[in-house]
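These notes concern the structure reproduced below.
In full-length UniProt numbering, the protein residues as written are 1 to 291.
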């Protein structure tokens, strides 16, 4: 008999129909001698009997091979209710989005991650480490997008920004996207941010003059300011750690100037200070550096 790891009712997003949701019964199977690890889902009506579900499963079931999974992650959005959360299963050819209760969502992510990324012979600590690496990778590669509203500032007026947008903490930059077309409007590389911060009602950044938007303060109204701050802070920390690792692994003479293309010679002291300002969020003491 096949081993069922987890099953239950969820809502599945239909991308072809303006992102509407449909009720499905989702089943996660582990690998066995007779079958591969996989997800199976089929539509069902609330209150259906077990026999009705079994009949529907035989006729209308769809299969997602776990071996095709690239990443599994939670989706953060203001569109869900307080008790609901969503997660995505991305394969080599398609992205699946499921919505369920918050506690159940975490359980699905854990079981899916263990099934998809656990290697034979690994202990629980190694599995936990692999799950953590997958979580960090997902947070940078596009799972978490936040609905924000632009507050009026001198910088936002200069850039002609107003209304609702999607804000995402990418691997190397904070990304602002059109909420309808999901096209990138602006990118703010972390290296060129002078400062950033957030609370329950707002997230804000101050960009440097080397950003495409030019220098200035941008404020975003959102109920997830703290989550955005944590995402950006995690991305900045990872970027800083990667830079430190490159310094340690590179030749001492080569690591003298890590970003030579960002300075145009001859330069003045204000140019150098502006360039160093981008490292403020990376942990440098600017006053000590420039004194």
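Don't be surprised by glycine CBs; every beta carbon is placed ideally from N, CA and C.
Buried or exposed: where does residue 204 fall if 16 or more other Cβ atoms within 10 Å of its Cβ makes it buried? Indexing the chain shown from 1 puts residue 204 at position 204. Residue 204 comes out buried.
Distance, residue 87 Cα to residue 337 Cα: Because the chain is modelled from 1 through 291, residue 337 falls outside the range shown and cannot be assessed.
Excluding the 5 residues preceding and the 5 following residue 11 in the sequence, name in chain order all residues of the same chain whose CB lies nearer than 8 Å to its CB. On the chain shown, position 11 is the one that residue 11 refers to. Contacts found: 21, 22, 23, 24, 98, 99 and 100.
State buried or exposed for residue 3, treating a residue as buried only when at least 16 other CB atoms are found within 10 Å of its CB. Here residue 3 corresponds to residue number 3 of the chain shown, with the count starting at 1. With fewer than 16 Cβ atoms within 10 Å of its Cβ, residue 3 is classed as exposed.
Kindly indicate which residue of 27, 41, 44 and 191 has the alpha-carbon position closest to the one of residue 238. As a position in the chain shown, residue 238 is number 238, starting the count at 1. Nearest option by C-alpha distance: 191.
By how many angstroms is the C-alpha of residue 32 removed from the C-alpha of residue 147? Position 147 of the chain shown, counted from the first residue, corresponds to residue 147. Position 32 of the chain shown, counted from the first residue, corresponds to residue 32. Between residue 147 and residue 32, the C-alpha separation is close to 42 Å.
Where residue 161 falls: helix, strand or coil (DSSP): Here the question's residue 161 lines up with position 161 in the chain shown. Here residue 161 sits in coil by DSSP.
Per DSSP, residue 70 is paired with what? Position 70 of the chain shown, counted from the first residue, corresponds to residue 70. Partner residues in a beta bridge of residue 70, as assigned by DSSP, do not exist.
Would you say residue 232 lies against chain C (beta-carbon separation less than 9 Å)? The chain labelled as chain C is not found in the depicted structure, where only one protein chain is given.
What does the alpha-carbon distance come out to for the pair residue 240 and residue 35? Mapped onto the chain shown, residue 240 falls at position 240. Mapped onto the chain shown, residue 35 falls at position 35. Each residue's alpha carbon lies about 44 Å from the other.
Give the DSSP-derived three-state secondary structure of residue 25 in the structure shown. For the purposes of this step, residue 25 is taken as residue 25 along the chain shown, with counting starting at 1. Residue state, collapsed to three classes: strand.
What is the residue span of the beta strand (DSSP E) that residue 216 lies within? In the chain shown, counting from the first residue as 1, residue 216 sits at position 216. Per DSSP, residue 216 belongs to the beta strand (DSSP E) from 216–221.
Rounded C-beta distance between residue 161 and residue 150? I'm assuming under 8 Å. To locate residue 161, count along the chain shown from 1; it is residue 161. To locate residue 150, count along the chain shown from 1; it is residue 150. Right, their Cβ atoms sit about 5 Å apart.
With DSSP as the reference, please indicate the residues paired to residue 175 in a beta bridge. As a working mapping, residue 175 is identified with position 175 in the chain shown. Bridge partners of residue 175: 168 and 187.
With which residues is residue 39 paired in a DSSP beta bridge? Along the chain shown, one-based indexing puts residue 39 at 39. Residue 39 has 28 and 64 as its beta-bridge partners, per DSSP.
Secondary structure at residue 261, three-state DSSP: helix, strand or coil? If you number the chain shown from 1, residue 261 lands on position 261. Caution is warranted here: a pLDDT of 36 is assigned to residue 261, below 50, making its placement in the model unreliable, and the coordinate value is therefore given only provisionally. Here residue 261 sits in helix by DSSP.
Whole angstroms is fine: what's the gap from residue 216's alpha carbon to residue 152's? Your numbering for residue 216 matches position 216 in the chain shown. Your numbering for residue 152 matches position 152 in the chain shown. Taking the straight line from one Cα to the other gives about 12 Å.
Is it buried or exposed for residue 207, if we count other Cβ within 10 angstroms and need 16 for buried? Within the chain shown, the letter at position 207 stands for residue 207. Buried, because 16 or more other Cβ atoms sit within 10 Å of the Cβ of residue 207.
Hey, could you find the ends of the alpha helix (DSSP H) residue 105 is sitting in? Working through the chain shown from its first residue, we reach residue 105 at position 105. Residue 105 -> alpha helix (DSSP H) spans 102–117.
Under DSSP, the beta strand (DSSP E) around residue 4 begins and ends at which residues? If you number the chain shown from 1, residue 4 lands on position 4. It spans 4–14 - the beta strand (DSSP E) in which residue 4 sits, taken as one unbroken run.
Going by other Cβ atoms of all chains shown within 10 Å of its Cβ, with 16 needed for buried, is residue 74 buried or exposed? Locating residue 74 in the chain shown gives position 74, counting from the first residue. Here residue 74 is buried. Its C-beta has 16 or more other C-beta atoms within 10 Å.
Can you tell me whether DSSP reads residue 144 as helix, strand or coil? Taking the chain shown and counting its residues from 1, one reaches residue 144 at position 144. If DSSP states are grouped into helix, strand and coil, residue 144 belongs with coil.
Does DSSP classify residue 98 as helix, strand or coil? Here residue 98 refers to the residue found at position 98 when the chain shown is read from its first residue. It is a strand residue.
Just mark residue 180 as buried or exposed, buried being the case when its beta carbon has 16 or more other beta carbons within 10 Å. One-based indexing of the chain shown puts residue 180 at position 180. Exposed, by the Cβ-count rule.
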